[in-house]
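Under UniProt numbering, the first residue of the sequence shown is numbered 1, with each subsequent residue one higher.
No residue lacks a Cβ here, since even glycine has one placed at the ideal position from N, Cα and C.
Treat the numbers as computed from the prediction; the structure is a model and nothing was measured.
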Amino acid sequence: MATNISRETLTKLCEILVEKRNTSARREGLTRFERQALKEGVARNTDIGDYLITTETRAFSIIEHIFEELLVPFGIAQQSVGRRPVDPEDEITLTQALNAVDATALIIGLQRVGLQVEPSRLVRELTKTLDGREVLTSNELEIVLYDHYVGRRRTVLNAAQGPIHPLWPETTHQDEAGYRFTMKWDGDAVVWLEVLGPRYRKPEPQEHTICEYCGHSYYTNNTQEARIHSEVHSRKKQMIDPQPDEQFAERLSALGRAGELVDQSSPLWMHGAVCDRAFEFKREFKYDFVQWDGSSTRRAGEDWQGWLFAADDMGAIAGACGFMRRDGAIEGPEWSLQWIWLAPKYRRAGLLEARWPSFLQAYGDFDIERPLSPAMQAFVRKHGTQSQQAALPAE
């Protein structure tokens, strides 16, 4: 975190940080301030100041007078609160305060820069209220991620009005808890402070790379990118090297070749399987859009039919294709074969040839969406109808 702060406040903060830490026993139960903040949902600034100096007394308890100057650098919004009136006409007296979440985020931030404060008790209680929430504010995220990041962060506070001058002197300090501080000075004022937590480790460099197997581009040493790549890689592996599919095998056993048909009566997983292979076709042949109307959450419309090609009786899905019923206003065949994709290991293995006669029986002398790959052109020249062959480019 890099942010702006006044020189005066930053210098006073560093006066605290370079002083020897106090020794105190760790408290497990909630303090009076913490109980009140949780009960009312807010903490008044005066109460926050009183609370901070119960544990952070260094530099003559100056934290009580400067913590409000750290709200903006920590990205915390000041609020005003007042007692609910007995009568709407009653005069309401407002005082500056933070809600309980923001007050806890402030204490987390103060601990992150090396101050002697303990947010864990408030974190423990507030985390319970955030369980099950998928969307969180930045300060709520500080709370739910506290246990993972405590002591691991790097924080930078910048009070310089411009670039850091290379001749400004630098001092370093490490306190008894393992926090490491680097300060840059302009005369008697600290203008730049870096704080490294006791468990901070410099992140490994992130490099952009492309997986040769699945084609996914991602950054290394990034947990989210690694998770997405793992999902894409696994899905690609299932496309390229399909394994037996129990659901598909059961359907084939019950219906035979007819079990490969995917229409509005088919289960959603079959529509999703066709969709996955439509994506593979789009990626491999550089099309602009996916030529399939369904997905794992929605069946394709009545003008669409797909087929899953079984590689064997065990239900491995070798590939798929999609047919679309053409608009009646368009001259020509009623149906069009929009695309067909087979895993490379199953190409030229006779799977399409074995199904072509049944396709002609089901869809008539259907059109074939162009352009065609060289392999598909060769197939149509050998197995296509006269009109399908006539639509091919001249050799």
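Go ahead and pull the three-state DSSP assignment for residue i.
i           : result
G29         : coil
A394        : coil
V101        : helix
L308        : strand
M1          : In this prediction, M1 has a pLDDT of 44, which is less than 50 and means its spatial position is unreliable; what the coordinates show is noted afterwards. Of the three classes helix, strand and coil, the one that applies to M1 here is coil, per DSSP.
K202        : coil
M183        : strand
V42         : strand
V190        : strand
P73         : coil
K20         : coil
P267        : coil
V274        : helix
A377        : It is worth fixing the name first, because residue 377 is Gln in this sequence and not Ala. It is helical.
R298        : coil
V86         : coil
I53         : coil
Q36         : helix
M314        : coil
residue 397 : The requested residue 397 does not occur in the structure, where the chain is confined to residues 1 to 395.
L372        : coil
I62         : coil
F281        : helix
S289        : Checking the displayed sequence, the identity of residue 289 turns out to be Phe instead of Ser. Looking at F289 - three-state DSSP - the assignment turns out to be coil, as it is neither helix nor strand.
T11         : helix
V117        : coil
Q243        : coil
S234        : helix
G109        : helix
S6          : coil
Since residue i contacts residue j with CB under 8 Å, what's their CB separation in whole angstroms?
i           : j    : result
A177        : R21  : 6 Å
residue 401 : A105 : Because residue 401 is not part of the residues shown, which for the chain are 1 to 395, the question remains open.
R153        : R112 : 5 Å
E246        : N221 : Incorrect: roughly 37 Å between the Cβ atoms, too far for contact.
T55         : E118 : 6 Å
Q96         : S80  : 6 Å
Q264        : R299 : 5 Å
D50         : A77  : 21 Å between Cβ atoms; not a contact.
M239        : E280 : 5 Å
L157        : I5   : 5 Å
A311        : P242 : 7 Å
E69         : T9   : 4 Å
In the DSSP output, which residue or residues are listed as bridge partners for residue i?
i    : result
Q208 : It is His, not Gln, that sits at residue 208 in the sequence shown. According to DSSP, which records beta bridges pairwise, H208 is partnered with Y219.
Y196 : Before going on, a small fix: residue 196 reads as Leu here, not Tyr. In the DSSP output, where bridge partners are listed per residue, L196 has R154, R180.
T95  : V81
V262 : G306
Please confirm if residue i has its CB atom under 7 Å from at least one CB of chain B.
i    : result
D263 : Included in the structure is just one protein chain, with no chain B present.
Sequence ranges, alpha helix (DSSP H) only - wholly within the segment 122–175, length at least 4 = 138–144, 146–149
Which ranges does the alpha helix (DSSP H) cover as unbroken runs of at least 4 residues, wholly within the segment 316–367, from first to last along the chain?
-> 351–363
At least 3 beta-carbon pairs within less than 8 Å: the segment 300–310 vs the segment 262–274 = yes
Any chance the segment 284–301 sits against the segment 350–361, with 3 or more Cβ pairs inside 8 Å?
-> no
The segment 185–195 contacting the segment 42–57, beta-carbon criterion three pairs below 8 Å = no
Do the segment 210–227 and the segment 159–179 meet, that is, are 3 or more Cβ pairs less than 8 Å apart?
-> no
Could you tell me whether the segment 385–392 touches the segment 362–374, using the rule of 3 or more Cβ pairs below 8 Å?
-> Enough Cβ pairs lie closer than 8 Å, so yes.
Any contact of the segment 124–133 with the segment 154–161, i.e. 3+ C-beta pairs under 8 Å?
-> With the cut-off at 8 Å, the segment 124–133 and the segment 154–161 do not touch.
Does the segment 224–233 touch the segment 251–268, meaning 3 or more C-beta pairs lie closer than 8 Å?
-> no
Is the segment 340–348 in contact with the segment 315–332, if contact means three or more CB pairs nearer than 8 Å?
-> yes
State whether the segment 14–30 contacts the segment 179–189, with contact taken as three or more CB pairs (one from each stretch) at a distance under 8 Å.
-> yes
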